[in-house]
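If you read the sequence shown in numbering that gives the first Met the number 0, its first letter stands for residue 0, the second for the next number, and so on.
So the structure is just underneath, and the comments pick up after that.
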Amino acid sequence: MEKSLREFCLKERVPALWNASLSDYTSFHIGGAADAFLLPETEAAFVKLLAFLNASGRAFRVIGNGTNLLFSDRGVRGVIVSTRHMRGVTVRGRCARASAGLPLNVLCCALAEASLGGMECLYGIPGTVGGALVMNAGAYGAAISDTLSYVSLYDREERAVISLPKKELSFSYRKSLLQRERRYTVLSAEFSLESKNSEAIRGEMKRVLSRRMETQPTTLPSAGSAFLRPERGYAAEWIEQAGLLGARVGGAAVSVKHAGFIVNLGGATAEDVRTLIAQIQNEVERRFGVLLVPEIEYIDEEITV
Ligand SMILES: Cc1cc2nc3c(=O)[nH]c(=O)nc-3n(C[C@H](O)[C@H](O)[C@H](O)COP(=O)(O)OP(=O)(O)OC[C@H]3O[C@@H](n4cnc5c(N)ncnc54)[C@H](O)[C@@H]3O)c2cc1C
């Protein structure tokens, strides 16, 4: 398989790294090496690669910018495909079509340039369009699904490219069908926006970004909010009330700026983060009867096909 994968990547010009450190490709800067780390540059090459991997039966996982992920310290025995080099965007009328790997920030800037509003609140989320759709990423009352029209997907079961409209993707708070059904890989998405003055859009983006910088530990490596919003209150409030601000395991700590974030103070391992997550969950549940569910996704050494 390894030989045929190398040959495929050479033939289809898919940049490939062998035994690549995942800490270099995640915002947490944590994780061992992946056997193969592939970076397709066009949607056509991406689809060919997905079809090839699918047919080979080899375990693989598609990621975007790795900003919601915690990889195992032992890395991954299998193939990681990152969309981060697929950054196409076209705007026609009030519609924008974006490739899976386009950073949300770049999409927001392109929309501001085209006088199209509706995504300003997402400015500053460090993920790609594909990762954001899987997570139904959002902030300040808005989510990426709000303006979505449809998604173009590679379906591993049908072995074909299909399109699904928003209403078939079961979006809710930080959830989507794409998260539950790993058969789908996001190739691109189309959004329907509203006409708005460019300066007003840029002003809103600037406000949203300042709010992030003021309240979040943006200068330390993290994977964003560590926990989903619980049924009662906010994760950060419970963690703070439990006296866990600054709590530390190895190089991982609860941010003193925002208790909902776990930050890498330097040299943190995935096990440090997982131990800290478990300690927070136990303490908050013991004291307040509230179960905190991680938002950060842990990816173990053995990934499934
Ligand atoms: C400082 C900071 C602030 C953050 N603030 C926010 C916030 O305000 N709101 C918020 O919602 N999130 C926030 N996040 C978390 C994160 O940025 C989002 O969840 C983002 O949408 C993840 O995008 P990504 O490209 O990094 O995806 P990744 O982390 O690479 O992947 C996330 C999931 O999507 C899957 N995936 C990625 N691309 C594809 C694809 N093309 N097809 C199929 N599956 C795919 C992966 O397998 C994985 O399961 C923050 C993170 C950081 C570090």
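Ideal Cβ placement from N, Cα and C applies to all residues, glycine included.
Q: Starting from the Cα of Ala234, find the closest Cα among Gly259, Ala251, Val248 and give me that residue.
A: Gly259
Q | Close Cβ partners of Ser162 (< 6 Å) along its chain, the five nearest in sequence each way excluded | A | Tyr149, Ser151
Q) DSSP three-state call for Ala159: helix, strand or coil? A) strand
Q: Please state if the CB of Ala222 and the CB of Leu101 are separated by a distance shorter than 8 Å.
A: no
Q. Taking DSSP as the reference, what is the three-state secondary structure of Lys174?
A. strand
Q: Take the Cβ of Lys165 as the centre, count every other Cβ of all protein chains shown within 10 Å, and call the residue buried at 16 or more, exposed below.
A: So Lys165 ends up on the buried side.
Q | Per-residue DSSP class, three states only, for Val13 | A | coil
Q. CB Ala113 to CB Ser187, shorter than 8 Å?
A. Cβ distance not < 8 Å, so Ala113 and Ser187 don't count as in contact.
Q: Indicate whether Val80 and Leu48 have their beta-carbon atoms separated by less than 8 Å.
A: yes
(Q) Are there any heavy atoms of ligand 1 lying less than 7 Å away from the beta-carbon of Gly74, as far as the coordinates show? (A) Relative to ligand 1, Gly74 has its C-beta separated by 7 Å or more from all heavy atoms.
Q: Name the two residues that bound the continuous alpha helix (DSSP H) containing Ser144.
A: Ser144 -> no alpha helix (DSSP H), and no H or E assigned at all.
Q: Would you kindly report the start and end of the unbroken alpha helix (DSSP H) that includes Asn104?
A: Residues 103-112.
Q: May I ask you to list the residues that DSSP assigns as paired with Gly77?
A: Answer by DSSP bridge pairing: none, since Gly77 is not bridged.
Q) To the nearest angstrom, how far is it from the Cα of Leu192 to the Cα of Cys94? A) 6 Å
Q.
For Gly288 and Gly265, which I take to be in contact (beta-carbon distance under 8 Å), what is that distance rounded to the nearest angstrom?
A. In fact, because the Cβ distance is near 35 Å, the residues do not count as touching under 8 Å.
Q: Tell me whether Leu52 sits in a helix, a strand or coil according to DSSP, three-state version.
A: helix
Q | Counterpart residues of Phe36 in DSSP-defined beta bridges | A | Leu16, Ile79
**Q.** Contacts around Glu156, its chain only, beta-carbon distance under 7 Å, and the 5 residues preceding and following it disregarded
**A.** Arg182
Q) Taking the DSSP output, what are the residues bridged to Tyr297? A) Leu69
Q.
Within a Cβ cutoff of 6 Å, which residues of the same chain sit near Ser197, ignoring the five residues on either side of it in sequence?
A. Ala111, Ser114
Q. If you follow the beta strand (DSSP E) that Phe287 is part of, which residue opens it and which one closes it?
A. For Phe287, there is no enclosing beta strand (DSSP E); the enclosing alpha helix (DSSP H) has its first and last residue at 269-287.
Q: Could you pull out every unbroken beta strand (DSSP E) segment of at least 3 residues lying fully inside the stretch 162-227, listed in chain order?
A: 183-191, 221-224
Q | Residue(s) in a DSSP beta bridge with Tyr153 | A | Val160, Thr184
Q: In the DSSP assignment, find the unbroken alpha helix (DSSP H) run with Val133 in it and report its ends.
A: 128-134
Q | Uninterrupted beta strand (DSSP E) stretches inside the stretch 240-265 (no shorter than 3 residues) | A | 251-253, 260-263
**Q.** Start and end residues, beta strand (DSSP E) containing Ala97
**A.** 94-98
(Q) Cutting at 8 Å between CB atoms, please list the residues of its own chain near Ala58, excluding the five before and the five after it. (A) Shown here for Ala58: same chain residues with a beta carbon closer than 8 Å to its own, the five before and five after excluded, namely Arg76, Gly77, Val78, Glu301, Ile302, Thr303, Val304 in chain order.
Q) Using a Cβ-Cβ cut-off of 7 Å (strictly less than) and excluding sequence neighbours within five positions of Arg158, which residues of its own chain qualify? A) Ala50, Asn53
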